[in-house]
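Per my numbering, the very first residue in the sequence shown carries number 3; after that it's consecutive.
Note that CB positions come from ideal geometry on N, CA and C, so glycine has one too.
Working notes, structure below.
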Amino acid sequence: MVEETLNELRFSQTEILTLQQSKTQLLFIVDGYDEVRSYKRLYDPNGMLNWNCKALFTCRSSHLANDKFYYKYFISAKFELKMFADLTLVHFDNKQIQDYLQRFCAKLEQNSKLTPEWKSWKTYQNNINQVPGLRALVENPFILSMIVSVLPNIMQKHDTKQTLTSLDLYEAFVQQWFELEEERMYTNNVNTDVTNLQKEYRDYSYRLASKMMDSVKTVVEYNKDDKQNPWRQFFDQNDPRVTTVRRGVPLNISQRFYSFIHKSIQEYFVAKNGQKSIELMADAYDEKLLNCSINTHNIVDRGVFGFYSQIILRFPEFKHKLYKVIEMSKTNQKVSIAAANAITILNCANESFKNADFRDIKIPGANLSLAMMDGADLSGADLSNVDLQSAWLQKAKFDNANMKNVEFGQRAYVDSESFINKVKFNKCQDIFACANGYVQAYKAQKVEIYNCKTLEKLCTIDHHQDDVTGLAFSPNGKQFISCSKDNTINIYNVEKWQIIKSIPLDCEVVFVDYSKDGKYIICGSGRFVFLYSADDYSLINTFGKHYKNVITVEFSNDCKYFVSAGEGFFNVWEVESGLPVQTVEDIDNTIYHAVFSPDDSRIVCAFSDNTIKIWNFKSYDSINVLRGHVSKVMCLAFSPNGQYLVSGCEDGTMILWDAKSFEIIKSMNAHVRLISSIQFLNDNETVMSGSWDGLVKFTSIKSVPLIKSLPGHAGEIARIQYSNNFKFIVSCSMDSTIKLWNPIDGSLIKTLFGHDDVVCAVSLTNDDKFMLSTSRDSQVKLWNMESFKCVRTFQLDSPSFAVDFHIDNQMFALAGFDKAIHIFDITKNLEIEYLEQDDEIMIVKYSHDCQKLVATGPGANLYIVDMTTGETVVKVNDFEMDFFDLAFSEDDQFVYACERPNPKSMRMWDISGKLIREQFSEAEYSEIFEAQQTSPDGKRVKIFKNCVQQTAANTGEMLWISGEYTLNMLGCSFEGVQNISQENRMLMEQYRIAREKII
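In structure tokens:
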């Protein structure tokens, strides 16, 4: 590549050789790797080792997103990875945007076509900040440059109350480009026919962009001497009209290489061409349309789908055309690819297919990941190669459908009907063991053995008298070991599942494992670790005393060392000498699991502060912190080939990481409760996980990325409620945001930013015009709900957890971390009362007449305050649970409290503090505590981890859900289904008869 480029620049061979032998170090800038993807590796094949050089490669991030080992393409096989460094250019911040606007306007002073106001950078800045949707777009440098060029024209036509989308900007930019090119052509080429020139520009752009997308190209190489070159119709220099039109299209041309000026421009043209083809096909079917791009290739580019989603919003009739093409596929196989693209486009735009009549449709290769298809009838449909990851398919009908190579993103699961404490895979015999419990005793004291392929239960081991806390198979797969809180370790023969040896200890055993070479068994509890011989089971060494309780232990892959970790520490020990190699103590949080990287160069630890931390094994320096989980990280596992790391979380979420770069590949909502154990199978593509929800699941990591992202919270939701007029739903979350939702379809109305920590609660005025939010960042914010702006911030001395508006909307009560109730006057902007209590206050609620106030916290106390005097008139402490919610009766004579979300935990007192009642029905619980979550037409909103769910209050049927969720096929039917794999058949059968707990 180097010599070729220098030759094109007319360097002689002598000059090239002189440069090559020079001691001066050269810098080669290789711009646009994504535009030359035919070169898989750039360094060695292009002879860069022959030069005294450094190389700088550039590439759009989106082209590396699905290839997690991209660094291999940019380095020599002779280099160490540490010689490679990559940087990501982030979006513009406010200062960069302002600097760009100032430089842009400085060049406009001589432009007489613009009015004076549009020569001021502040005019651009004001419009960018005030026009809905515009501020978020300009963070992209290319879009910012595009916006400033079209903003004066677009603002003359734009309704300032409407949100500007990127589609509007691209439409304006392309139209302005074509108009200027037409004007230039008319001015400079009097002999050129400019009739319909703009239409020709557009048609040319549509065809070229679509052909490039079909060929998976962003750059085209055209050799004019190649008579068979497929791009001749676009770049033939002997055709004057082709040359004229090409010059008016937004292209970059570098010698024989052609590309659009930006990939997003290409994506825009592809989407517009698809829109045109779909509309023609739906309006008047013509055989000629069968060869159009929309009917020859399945669309996979997310950028293109982004434009399609905006086209649907802008042109509502386009949605009907898409449905018409889908309907056509029922009787016309020839439009099946167009139909697949049509339904994928609709899914990308978050269209609901609930109860849709899709009988006999043909949509091979469609992407319906995260689709809402409850009750959809897909009987007789061609669903070959369709992606149904994380789709909701409750009571969907698949009878007689073609389901060849359908991707569900997971395999059949095991339901233990109790919680799973540990799960372990035998790599030699394709079986696995799980430690689970008895529902009545809530003890995980039995071990069940399953066939990994058929999920048939092979046997049950029931020799322990208390929780089984650890499981392990020997490396040769012939022995199995379990440990328990009953102070014993049991070693079994795998063939007959008989106990070979039982080793008693003096204390509870909380972990056990074999060394990778099969020589040792390691176990322990409390502050001690014990090393046994795997041959004769004799005790070799005792390691202790540890800094605090040991929770996890793991051998290095070379079996020379092991790491023990727990409450604020980890130790590394040499196995042979029994001596500690390194001790790291006084860590702020608990380590639940610690593992060695595949090459033993790093120690990776799962922490209680929601992070994964990585230490260098040689220096023991902390070298990386992985963030992505929103709850405690409980377990870790590397894939056998060392390419992936997977982590399991307390909230049931799994994250797949690149084991080299430690970048997130994908996040998966695998379970609904804590993931207690996680492991890769031998195929490097399937993750086995056990959870306290009682399920052992098998999740595929090879499936393609989800086609869309739903606007859920990034962290668990703390509170949710309808507005008083039921026109919106408000949720607050651990991700520091507040979101407003449309109750009709679940679409996101607005995200409110401003807090720096968990938003614990919100409260709306009676007229819904203002809202208060309280957070662990020690701030209370007052929001104008018409402008969605924070109009006031109250700074506190400590975190606050709950807030409630007074009936006059002028005051509010605040529950504080400082064991007090604070009363603020909004009009005076100050605190007017400070009501000290005995414990932290987590919940506070006014009575309907605001004469009384009830509060509670984790200290198992309930306080009733007389607001006329400010005195705590009642303190109740005759219960043993922490209450989640409080309420007054309609006449304010009684107080209710409950522990979420259990009606059996409800209590009722009169206002004197006398306990009146302890038993309530589901209906009574719902009437008292779910009123704010239930609309007059019987629709209820619920919290599902980080998602908002709306269900029918009387039936529980889900109407919509925000955010990314897990696959759900409860009650589906699939009689006579064709070409389905055995694994998918097992999965569907399980969901068809499954209990509700799997979702």
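Rounded to the nearest whole angstrom, the C-alpha separation of residue 765 and residue 774 is 5 Å. Ranked by Cα distance from residue 641, the options 540, 305, 626, 660 are led by 660. Contact check for residue 360 against residue 390 fails: the beta carbons are separated by 7 Å or more. Judged by pairs of C-beta atoms under 8 Å, the region 413-425 touches the region 470-480, as three or more such pairs exist.
DSSP, read as helix, strand or coil, puts residue 788 in coil. As computed with DSSP, residue 493 is found in a beta bridge with 483, 503. Taking the Cβ atoms as the reference, residue 793 lies roughly 16 Å from residue 777, outside the contact range of under 8 Å. By DSSP's assignment, residue 123 forms no beta bridge with any residue. The C-alpha of residue 123 lies about 10 Å from the C-alpha of residue 99. In this structure, residue 402 sits near residue 978, with a CB-CB distance shorter than 7 Å. Residue 629 is bridged by DSSP to 613. Taking the C-beta atoms as reference points, residue 254 is found nearer than 7 Å to residue 263. Rounded to whole angstroms, the gap between the alpha carbons of residue 751 and residue 738 is 17 Å.
DSSP, read as helix, strand or coil, puts residue 249 in helix.
Here residue 797 is bridged, per DSSP, to 781. For the 7 Å CB-CB criterion, residue 846 and residue 889 do not form a contact.
Buried is the label assigned to residue 413, since at least 16 other Cβ atoms lie within 10 Å of its Cβ.
CA-to-CA, the gap between residue 985 and residue 416 works out to about 13 Å. Beta-bridge partners of residue 595 (DSSP): 608. Counting the other CB atoms within 10 Å of its CB gives residue 603 a total below 16, which places it among the exposed residues.
Between the region 834-852 and the region 869-880, the count of C-beta pairs closer than 8 Å reaches three or more; the two stretches touch. Take the alpha-carbon of residue 743 and the one of residue 461: they are about 49 Å apart. Scanning its chain for C-beta atoms nearer than 8 Å, with the 5 sequence neighbours on each side dropped, one finds around residue 571 the residues 548, 549, 550, 585, 586, 587, 588, 589, 593, in chain order. Judged by DSSP secondary structure, residue 824 falls within the beta strand (DSSP E) whose first and last residues are 822-827.
Setting aside the 5 residues that flank it on each side, residue 171 is surrounded in the same chain by 139, 145, 148, 149, 152, 156, each with a C-beta closer than 8 Å to its C-beta; the list follows chain order. Residue environment: residue 607 is assigned as buried (16 or more neighbouring CB atoms within 10 Å of its CB, all protein chains considered). From the listed residues 650, 898, 119, the smallest Cα separation to residue 913 is found for 898. Taking C-beta atoms as the reference points, residue 644 and residue 418 fail to come closer than 7 Å. For residue 854, the uninterrupted beta strand (DSSP E) segment begins and ends at 854-858. Within the region 885-963, complete beta strand (DSSP E) segments of at least 3 residues are found at 887-890, 896-901, 904-912, 917-919, 941-946, 949-954, 960-963, given in chain order. For residue 681, the enclosing beta strand (DSSP E) begins and ends at 677-682.
For residue 394, the three-state secondary structure derived from DSSP is strand. Ranking 313, 701, 851 by CA distance to the CA of residue 895 puts 851 first. In the DSSP annotation of this structure, the continuous segment of the alpha helix (DSSP H) that includes residue 170 starts and ends at 168-190. When DSSP states are grouped into helix, strand and coil, residue 982 belongs to the coil group. DSSP lists 422, 448 as the beta-bridge partner residues of residue 438.
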